[in-house]
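Single-structure report; data block below.
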Amino acid sequence: MTRREPRREKSSRPDRPSDERSLDALLEGSQLPDGDLARWQPVSQVLTALTSVPASSELSGEAQALAEFRGQPHPVRHPGPVHHRGQGWVSWLRGPRPAVAAAAGAVLVGGLLAVAYAGDLPAAAQRLAHDTIDAPPVARSGSAAPDPDASQLPASPLGTAAGRASFPPGRGAAHPDRRTSRGSLFMSPHHHRRPGSAPGTGGGPSGRSGGGHQFPSGSPAPSGLPSPSGLPSPSGSPSGSPTPGASQQPSPSASTAPVDGATPSPWAAPSATRPSGHHHRTGASGAQSPPP
Amino acid sequence: MPILGNVIGEKFERLLAAAQGGTGEADGAFSVLWRDANPALLRYLRVIAPEAAEDIAADTWVQVVRGLVSFRGDEAAWRAWLFTTARRRAIDEGRRRSRRPVVSLPELPDDAGPGSADPADLVLEKLSTEGAIAIISSLPRLQAEVILLRVVAGLDNQAVAQLVGRSPGAVRVAAHRGLRHLAATLGETTGGL
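Protein chains in written order, with my numbering: chain A, -13 to 278; chain B, 271 to 463.
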């Protein structure tokens, strides 16, 4: 019984097109077909009531809307780009962008300082950094000196485990990680070359980078590292003898001297008591230039 | 013949330009626009958000006033923009109320709202706007909404489809079903009498 009901609806399908025309006419507010007028008359009355004249309650909010409209800044009523400009700056300062800009600036300044203390700035900038913030001076030898050093010292003794092992036991074991991080941070060709090329002429033992830079007396290295015998006092090196003296002698012998261990380096001195560390240092250079 | 919907006609462009321009006629032009659209807006909102129709309408006008200067389009686009804004505000209000349900006061009389009494009786007793809104409110939500947007807002099938996020065919079917449902409800009521 219930299955036959759809069939009955199916039989009434021929009425559908006229039905839909009437429904479309109702929705569009146009006149209904004559035959369907009586059928759809109640619906038409409902729809007409929906679109009847507005009641007074429906217009009671006009004053509020007008007040909102008048209070809105208008391009003609309130011309003045300066005013908007000021508002823009104020809103910019209120947002999170100043903090982001400050963080980016801090990162930029920190990076510049790191590069300046590593001595990797261009010559003019490095001179300026040297004069203003006591960064290492410019190496005048330029690109001639670092090449042999770089080839003979492929890895930093401070940046490797063997390099750490060459430290005095009392110090290397105390803060191994800190030394590793410092060594890896400041390991540039300058730092390998300077202590060895002219020991005692500005390459005093420094805790930061192996003594390559002339840090002010406040640097912790001179007091923290062992002072090898035969080396001048580290405290006198920053002001007494500038680095150009070392960098003006880019001869391979001068640069390879600390590598071979002929000239006692502040890092090589403890290794004399520990053959393993010495073996490591000479092994790196001995592969290319064996000692006579 | 509908009174609401497309009643401004050819004057709409001039009125909109005056309201946007901020000249001395701006207040009067905006007032005409508001008087034309606000009753239809309220009737639509009384069906889809009966608890907060007035508040949502006020919020809608605040939103519309803020974007009035940048609006470009004819009267149909204007009404579509207005009702789209109102619909979004109603949806936001519905979400807010679902998070913070409002408990109705028990001392309110039963026949306070348009949807409280039997809508068909209301229509037959007094075919007022409130009665028509009440009987439309008895329809399923989509059917009632598309009928109101077609009849009260004066939008065409395509604009309504875009507004409610359905296909034009689905909107047309929903409107037809709603009208048939309405006819059946009214026929049963009149037949019973």
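Heads up, the beta-carbon is just placed ideally off N, CA and C, and yes, glycines get one too.
Counted as a single uninterrupted DSSP element, the alpha helix (DSSP H) harbouring GLY57 (chain A) occupies residues 48 to 57.
Between ILE318 (chain B) and ALA360 (chain B), the C-beta gap is smaller than 8 Å, which places the two residues in contact. Fully enclosed beta strand (DSSP E) runs of no fewer than 3 residues are not present anywhere in the segment 335 to 377 of chain B. When rounded, the separation of the alpha-carbon atoms in GLN333 (chain B) and ALA350 (chain B) is 14 Å. Put simply, the CB of ARG56 (chain A) is near chain B, with a gap under 8 Å to one of its CB atoms.
Not a single C-beta of chain B is nearer than 8 Å to the C-beta of SER42 (chain A). DSSP places ILE119 (chain A) in the uninterrupted alpha helix (DSSP H) bounded by 109 to 119.
Distances from the alpha-carbon of GLY15 (chain A) to those of B:ALA440, B:LEU419, B:TRP348 put B:LEU419 closest.
ARG316 (chain B) and ILE403 (chain B) do touch by the CB rule: their CB atoms are close to 5 Å apart, below 8 Å. Taking the C-beta atoms as reference points, ALA296 (chain B) is found nearer than 8 Å to ALA288 (chain B).
Between LEU452 (chain B) and VAL32 (chain A), the C-beta gap is smaller than 8 Å, which places the two residues in contact. Here the alpha carbon of ALA454 (chain B) sits roughly 32 Å from the alpha carbon of LEU352 (chain B). Neighbours of ARG336 (chain B) in chain A, taken as residues at a C-beta separation under 7 Å, are given in chain order as GLN58.
Counting along the chain, ASP297 (chain B) sits inside the alpha helix (DSSP H) bounded by residues 296 to 318. With respect to chain B, the C-beta atom of ALA35 (chain A) has a partner C-beta closer than 8 Å. Within its own chain, the residues whose Cβ lies closer than 6 Å to the Cβ of PHE282 (chain B), once the five positions on either side in sequence are excluded, are GLU345, listed in chain order. Inter-residue distance for GLY91 (chain A) and ASP117 (chain A) is about 22 Å (C-alpha atoms, whole angstroms). Here PRO19 (chain A) has SER4, ARG7, SER8, ALA11 as same chain residues with Cβ atoms under 8 Å from its own Cβ, once five neighbours each way along the sequence are excluded. With a threshold of 16 other beta carbon atoms within 10 Å, ALA24 (chain A) falls short and is exposed. Put simply, the CB of LEU23 (chain A) is far from chain B, with every gap to its CB atoms at 8 Å or more. Straight-line spacing of the CA atoms in ALA53 (chain A) and LEU449 (chain B) works out to 40 Å. For ALA287 (chain B), the enclosing alpha helix (DSSP H) stretches over residues 282 to 291. DSSP, read as helix, strand or coil, puts ASP106 (chain A) in coil.
VAL39 (chain A) sits exposed, since fewer than 16 C-beta atoms from the chains shown fall within 10 Å of its C-beta. Contact annotation for LEU13 (chain A) against chain B: ARG420, VAL421, ALA445 [CB-CB distance below 7 Å, chain order]. Here ASN427 (chain B) is near ARG442 (chain B), since their CB atoms are less than 8 Å apart. A distance below 8 Å between beta-carbons, with the five flanking residues on each side excluded, links TRP331 (chain B) to the following residues of its chain, in chain order: TRP304, ASN308. Cβ neighbours of ARG367 (chain B) within its own chain (closer than 8 Å, five residues either side excluded): GLU321, ALA322.
Among the CB atoms of chain A, one or more fall inside 8 Å of the CB of SER301 (chain B).
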